Amino acid sequence: MKIAVVKEIDGSEPRVAAVPETVKKFKALGAEVAVEPGAGVKSGVPDADYEAAGATLSADAVKDADVVLKVRRPEPSELARYKKGALVTAIMDPYGNDAALKAMADAGIVAFAMELMPRITRAQVMDVLSSQANLAGYRAVIEAAEAFGRAFPMMMTAAGTVPAAKVFVMGVGVAGLQAIATARRLGAIVTATDVRPAVKEQVESLGAKFIAVEDEEFKQAETAGGYAKEMSKEYQAKQAQLTADHIKKQDVVITTALIPGRPAPRLVSAEMVRSMKPGSVLVDLAVERGGNVEGARPGEVAEVDGVKIVGFTNVAGRVAASASALYARNLFAFVETLIDKPSKALAVKWDDDLVKATALTRDGAVIHPNFQPKTA
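Numbering of the sequence shown is given in our numbering, commencing with residue 223 and proceeding in unit increments.
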């Protein structure tokens, strides 16, 4: 059983899919591990560390590899090097990328999309969305602090008092909760909002104040599965007005709202941006999906009347060493379930919930029910 760890060909991707810790674990399962030279350099992992963990370095690491570990979906130029039937695990970004899915199917690989991992107890250790969003939420606050021309904590000095920054977090998922915690650690006054009433207690437990129109409709705004319900137009208007009034008074706004397979919801209008004081900062973590903030530009810091809109992409990748370490553990935990321990060979259980949820292609076809080719 040969496992290949490849160097990402996208120059903007600094993360790597395995670290020395997980290489050792794969070796303990009986796998041969080959690493492309330079694969971990941008994540602070030199080639020598992989060799010390038991991996071999090879420019042609994927040749005859049974399993290929990646961060991003393989490009067509990479697929040509993979053997038919190879298991390829990565963040596949399948929504709206039908041509890329067909290319993987045509290449004969078995593609697993790590971001489709089901939210069940035994898959928590494999949840790449949570591990990467956690770091993105942290980094969003660091980016905001860097762009904000003032201090975050209140400081009492002989020359006078520096007031604490006011930070507003919109969307209280994994990224939002970490953003709240980080901003609080830096001494900011933090408020947060979300359409799910259940998160109010989480927000308050972190020392932040929850902002929402808490009427009867809001109290019923969550499905049995824990997801947000579509709110009435009347409620949306009341919430938008409350948000607009609140944003005017904030120094920093961090938006984290994403809906899988759909464009990011617009939370902050251009009018709201203009209402903020010059020197204020917005950080849009959803910019790659269209953005929560009107005027956000992917990969850039836009400026509107002295207000900065930070639109960096791959924010977790801006903490590459930590992001790679967590992602590598997510991958190991999943790939381990595909290996038969006694025989030390691959043994994919196709009826396993984890496999059914994440397998995109197999035997030359797209097999995931959510991404079947559309028939005319």
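Note that the Cβ used here is the ideal one computed from N, Cα and C, for glycine as well. Everything numeric in this text was worked out from a predicted model, so none of it was measured.
Bridge partner(s) assigned by DSSP for residue i
i: PHE390; result: THR413, VAL475
i: VAL505; result: ILE476, VAL532
i: ASP562; result: ALA567
i: MET581; result: According to the sequence provided, residue 581 is Ala. The question's Met does not apply to it. In the DSSP output, where bridge partners are listed per residue, ALA581 has PHE334.
i: ILE225; result: VAL255, VAL289
i: ARG294; result: ILE313
i: THR379; result: GLY382
Residue i, DSSP secondary structure in three states
i: ALA308; result: coil
i: LYS431; result: strand
i: PHE334; result: strand
i: ALA275; result: coil
i: ALA598; result: Reliability of the predicted coordinates at ALA598 is poor, the pLDDT of 48 falling under 50, and the value obtained from them is presented with this limitation in mind. In this structure, ALA598 counts as coil in the three-state DSSP scheme.
i: GLU438; result: helix
i: MET494; result: helix
i: GLU522; result: coil
i: ALA587; result: strand
i: VAL515; result: strand
i: ILE469; result: helix
i: LYS499; result: coil
i: LEU301; result: helix
i: SER189; result: Past the boundaries of the shown model lies residue 189; the chain is included only from 223 to 598, so the question cannot be answered.
i: VAL238; result: coil
i: ARG539; result: For the record, residue 539 in the displayed sequence is Gly; it is not Arg. Three-state DSSP puts GLY539 in a helix.
i: SER544; result: helix
i: ALA397; result: helix
i: ASN552; result: helix
i: LEU576; result: helix
i: PHE374; result: coil
i: LEU464; result: helix
i: ARG484; result: coil
i: ALA283; result: coil
i: LYS592; result: According to the sequence displayed, residue 592 carries Asn and not Lys. Note: ASN592 maps to helix in three-state DSSP.
i: ASP320; result: helix
i: GLU230; result: coil
i: ARG406; result: helix
Nearest residue (CA-CA) to residue i, options the options
i: THR383; options: PHE390, VAL391, PHE374, VAL421; result: PHE374
i: LEU338; options: HIS590, ARG584, ALA579; result: ALA579
i: ARG344; options: ASP585, ASP575, ALA587; result: ASP575
i: ARG519; options: GLY533, ARG511, LEU507; result: GLY533
i: LEU357; options: ARG540, GLU525, LEU251, GLU516; result: ARG540
i: ILE364; options: ARG407, ALA459, GLY330; result: ARG407
i: VAL523; options: ASN514, VAL503, GLY512; result: VAL503
i: ASP562; options: LYS246, GLY252, ARG341; result: GLY252
i: VAL425; options: GLU439, ILE402, VAL577; result: ILE402
i: SER544; options: ILE469, SER265, ALA414; result: SER265
i: GLY483; options: ALA555, GLY233, ASN592; result: ASN592
i: LYS324; options: VAL350, SER427, ARG488, PRO296; result: PRO296
i: GLU558; options: VAL577, ALA542, SER546, VAL396; result: VAL577
i: GLN472; options: VAL284, ASP232, MET453, MET494; result: MET494
i: ARG551; options: LYS224, THR311, GLN463, SER454; result: THR311
i: TRP572; options: SER454, LEU582, SER427; result: LEU582
i: SER352; options: LEU548, VAL263, GLN594, PRO298; result: LEU548
i: ALA219; options: LYS596, VAL526, ILE589; result: No information on residue 219 is available, as it lies outside the stretch 223 to 598 that the chain covers here.
Check: residue i C-beta below 7 Å from any heavy atom of the ligand NAD
i: ALA281; result: This structure simply doesn't include the ligand NAD, nor any ligand for that matter.
Cβ pair residue i, residue j closer than 8 Å
i: LEU568; j: LEU309; result: yes
i: VAL389; j: ALA362; result: no
i: GLY371; j: GLY501; result: yes
i: GLN354; j: ALA538; result: yes
i: PRO316; j: ALA335; result: yes
i: MET376; j: VAL475; result: no
i: GLU258; j: VAL290; result: no
i: PHE432; j: LYS422; result: yes
i: LYS229; j: ALA261; result: yes
i: THR434; j: GLN461; result: As written in the sequence, residue 434 is Ala, which differs from the Thr given in the question. Contact: yes.
i: PRO242; j: VAL267; result: yes
i: GLY517; j: PRO485; result: no
i: ILE313; j: ARG294; result: yes
i: GLY508; j: THR465; result: The identity of residue 508 in the sequence shown is Ala, whereas the question assumes Gly. Result no, Cβ atoms of ALA508 and THR465 do not sit closer than 8 Å.
i: LEU553; j: ALA240; result: yes
i: ALA420; j: VAL412; result: no
i: ASN536; j: ALA479; result: no
i: ALA327; j: ALA587; result: yes
i: MET498; j: ILE531; result: no
i: LEU332; j: ARG303; result: Sequence check: residue 332 is Val here, not Leu. For VAL332 and ARG303, no; Cβs fall outside 8 Å.
i: ALA599; j: VAL505; result: Past the edges of the chain, shown from 223 to 598, lies residue 599, and the structure says nothing about it.
i: GLY359; j: GLY398; result: yes
i: GLU436; j: MET453; result: no
i: VAL245; j: VAL255; result: yes
i: ILE248; j: ILE225; result: Strictly speaking, residue 248 in this sequence is Phe, with Ile absent from that position. Yes, these two residues count as a Cβ contact at 8 Å.
i: VAL238; j: SER546; result: yes
Where in the stretch 323 to 369 do unbroken runs of the alpha helix (DSSP H), each at least 4 residues long, occur, reported from the N-terminal end onward?
Fully enclosed alpha helix (DSSP H) runs of 4 or longer: 350 to 369.
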